[in-house]
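S.K.:
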Amino acid sequence: MAKDKTLYTCNECATTSPRWLGKCPGCGAWNTLIESVPEAGRGKNRLSGAGQYAGLAQAQAVMPLAAIEASEVARTASGIEELDRVLGGGVVEGGVVLIGGDPGIGKSTLLLQAMDALHRVGLPTLYVTGEESGAQVALRSRRLGLEGSQVSVLAEIQLEKILATIEATQPAVAVIDSIQTVYSDQLTSAPGSVAQVRECAAHLTRLAKATGIAVILVGHVTKEGALAGPRVLEHMVDTVLYFEGDTHSSFRLVRAIKNRFGAVNEIGVFAMTERGLKGVANPSAIFLSQHSEPVPGSCVLVTLEGTRPLLVEIQALVDGGGPSPRRLSVGLERDRLAMLLAVLHRHAGVACADQDVFVNAVGGVRISEPAADLAAMLAITSSLRGRALPKGFIAFGEVGLAGEVRPAPRGQERLKEAAKLGFTMAVVPKANAPKKPIPGLEIHAVERVDEAMAAVR
Ligand code: TYD
Ligand code: MG
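Going by our numbering, 485 is the number at position 440 of the sequence shown; the sequence numbering is gapless.
#1: Take Glu57 and list the residues in its own chain whose beta-carbon comes closer than 6 angstroms to its own, dropping the five residues that flank it on each side.
#2: Give every residue of the same chain whose Cβ lies closer than 7 angstroms to the Cβ of Val309, excluding the five residues on either side of it in the sequence, and list them in chain order.
#3: With Gly324 as the anchor, note down where its beta strand (DSSP E) starts and where it stops.
#4: Out of Gly134, Arg381, Trp65, Lys436, which one is the CA nearest neighbour of Phe34?
#5: So Leu171 packs on Ala219, CB below 8 angstroms; how close in whole Å?
#6: Return the first residue and the last residue of the beta strand (DSSP E) that Arg297 is part of.
#7: Determine the direct distance from the alpha carbon of Leu423 to that of Ser339, and round the result to whole angstroms.
#8: Which of the three DSSP states is assigned to Ile79 in this structure?
#9: Out of curiosity, what's the CA-to-CA distance linking Ala59 and Glu80?
#10: Compute the Euclidean distance between the alpha carbons of Ala162 and Val444, then round it to the nearest angstrom.
#11: Does the Cβ of Glu127 have 16 or more other Cβ atoms within 10 Å, making it buried, or fewer, making it exposed?
#12: Based on DSSP bridge pairs, tell me the residues matched to Thr61.
#13: Since Ala122 and Gly135 are thought to touch, with beta carbons under 8 angstroms apart, how far apart are those beta carbons, to the nearest angstrom?
#14: In this structure, does DSSP put Ala383 in helix, strand or coil?
#15: Would you kindly work out how many angstroms separate the C-alpha atoms of His248 and Ala106, rounded to a whole number?
#16: Go through its chain and collect everything with a Cβ distance to Leu486's Cβ below 8 angstroms, but skip five positions before and after it.
#17: Three-state secondary structure (DSSP) at Ala316?
#18: Exposed or buried, what is Lys152 when buried is set at 16 or more other beta-carbons lying within 10 Å of its beta-carbon?
#19: When the Cβ atoms of the region 190-204 are set against those of the region 226-237, are three or more pairs found closer than 8 angstroms?
#20: Let me check you understand the geometry: is the CB of Ser186 closer than 6 angstroms to at least one non-hydrogen atom of the ligand MG?
#21: Would you report the Cα separation of Lys48 and Gly237, rounded to the nearest angstrom?
#22: With DSSP as the reference, label Ser343 as helix, strand or coil.
#23: Less than 7 angstroms separating the beta-carbons of Pro452 and Ala476?
So, in structure tokens, the structure goes:
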């Protein structure tokens with residue numbers, strides 16, 4: 046009689062209802078009731094007044110912080126360097142990792158490779174697949190050249206069976222591919238619904254914490270973004286990794302956006318090959334497209350992702366639009382683009398008000414740092430004027446609403462990387478100008494946007 050136990054709880058005010066309702070009877074919000082399983086005993090023992098907890102539980106001993114031993118977390122490196130880098134050094138005992146990304150981007154491929162690598166360094170691993178049959182996984186492993194792999198495989202989607210198997214077989218690492226296919230008998234809603242995804246992930250997280258088994262959850266990002274996607278799980282897990290990259294190009298970025306055991310914004314770079322994902326040790330130049338001569342609307346940005354500088358080409362197309370011109374950006378924030386256009390107009394006299402503006406970061410990279418501002422503005426101005434930037438040109442720097450150009454962190458490192466790759470001219474914020482000249486690199490230090498736009502002549 047599992048169905049009788051289901052309750053619907055409002056996300057906003059925690060009002061419960063035995064039936065699903067479109068509008069919460071408690072706070073009046075729409076679409077906030079989510080199916081949940083009540084915990085045994087919840088709702089009883091309504092508490093009021095002092096001394097009421099004494100009968101319910103024993104008080105526990107507390108310790109001053111200084112007296113608690115600060116033990117390092119036990120982690121195991123898989124040997125797949127780019128993956129270990131984003132994980133902060135390797136897989137952590139009892140840690141829960143969420144790996145999200147578009148379908149077909151390479152999540153299953155990477156995890157199968159990682160499980161095999163971990164098995165080879167001595168950790169028993171279990172790969173639970175809800176999307177493919179055991180035979181399909183075996184076929185993939187052969188394609189990846191993982192003959193003789195000892196990774197255990199379970200094709201199962203029912204949560205209770207998965208939990209029981211993990212408990213019985215005691216692997217060191219378990220992968221659930223994917224969390225959206227798993228369902229619990231305790232809930233009536235369909236697999237992949239927010240309630241199911243959340244409930245199943247909570248059980249798996251509890252298991253990880255209780256047993257010390259590392260759990261890796263795979264989540265597909267739905268086209269609409271948030272709903273039922275892995276985002277609802279981000280707060281529950283220790284580490285969140287997202288796959289980025291264009292499925293049409295072979296490069297993939299894995300970015301850590303949350304990590305209780307390492308640095309965030311660290312990235313791992315892979316190339317998809319015939320035989321799976323291979324780490325790219327020197328990724329700085331992979332996001333440049335090849336133009337034999339400079340073209341209008343293109344500017345190379347030196348961005349700092351994690352610990353390594355990366356050169357990314359920013360492209361812009363500014364073209365006559367209709368009465369309500371479009372602004373579209375891929376890989377850069379759209380709101381930021383609107384702001385940059387306003388600053389360009391006000392402080393540099395570059396008017397795009399009646400034009401469609403498209404901006405793209407080449408290779409499917411997503412750039413969130415404001416140091417991309419100057420390169421995006423230069424690309425836009427260059428496209429509008431139909432004039433290319435000089436050959437071997439790079440730029441970086443944040444732009445403020447008053448038209449000032451602000452420094453970017455670790456400017457020297459960025460400039461050195463650009464010089465190493467043969468770039469010869471840079472427009473940078475004044476505070477980032479190097480004290481000693483960098484051989485082969487001509488530096489133009491600017492304080493204001495209009496000075497920077499003078500590079501487009
Ligand atoms: P996959 O790992 O199945 O993606 P996800 O689990 O994120 O949905 O990746 C599938 C894509 O990768 C598929 O289009 C084929 C390609 N691929 C290769 O190019 N080489 C390989 O060795 C493998 C296994 C897959
Ligand atoms: Mg998959």
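Heads up, the beta-carbon is just placed ideally off N, CA and C, and yes, glycines get one too.
For clarity, every value in this text was computed on a predicted model and none was experimentally measured.
M.R.: Short version:
#1: Cβ neighbours of Glu57 beyond the five flanking positions: Cys72, Ala74, Thr77.
#2: Correct list, in chain order: Ala301, Ile302, Lys303.
#3: According to the DSSP assignment, Gly324 belongs to the beta strand (DSSP E) that extends over 321-324.
#4: Limits of the chain in this structure are 46 at one end and 502 at the other, which puts residue 34 out of reach.
#5: Leu171 to Ala219, Cβ: 5 angstroms. Contact.
#6: It spans 296-304 - the beta strand (DSSP E) in which Arg297 sits, taken as one unbroken run.
#7: Reading the sequence as shown, one finds Pro at residue 339 and not Ser. Here the C-alpha atom of Pro339 lies approximately 13 angstroms from the C-alpha atom of Leu423.
#8: When secondary structure is reduced to three states using DSSP, Ile79 falls in the strand class.
#9: Distance between the alpha carbons of Ala59 and Glu80 is about 12 angstroms.
#10: Roughly 44 angstroms separates the two Cα atoms.
#11: Residue environment: Glu127 is assigned as buried (16 or more neighbouring CB atoms within 10 Å of its CB, all protein chains considered).
#12: Thr54.
#13: Right, their Cβ atoms sit about 4 angstroms apart.
#14: Ala383 falls in the helix class under three-state DSSP.
#15: Each residue's Cα considered, the two are about 27 angstroms apart.
#16: Within the same chain, Leu486 has close Cβ partners Leu460, Ala463, Ala464, Phe468, Thr469, Met470, Ala471.
#17: Assigned with DSSP and collapsed to three states, Ala316 falls in strand.
#18: Classified as buried, Lys152 has 16 or more neighbouring CB atoms from the shown chains inside 10 Å of its CB.
#19: With a cut-off of 8 angstroms, the region 226-237 and the region 190-204 count as touching, because enough Cβ pairs lie within range.
#20: No.
#21: Interpretation of Lys48 is limited by its pLDDT of 47, a score under 50 that renders its predicted location unreliable; no figure is taken from the coordinates.
#22: Residue state, collapsed to three classes: strand.
#23: Yes.
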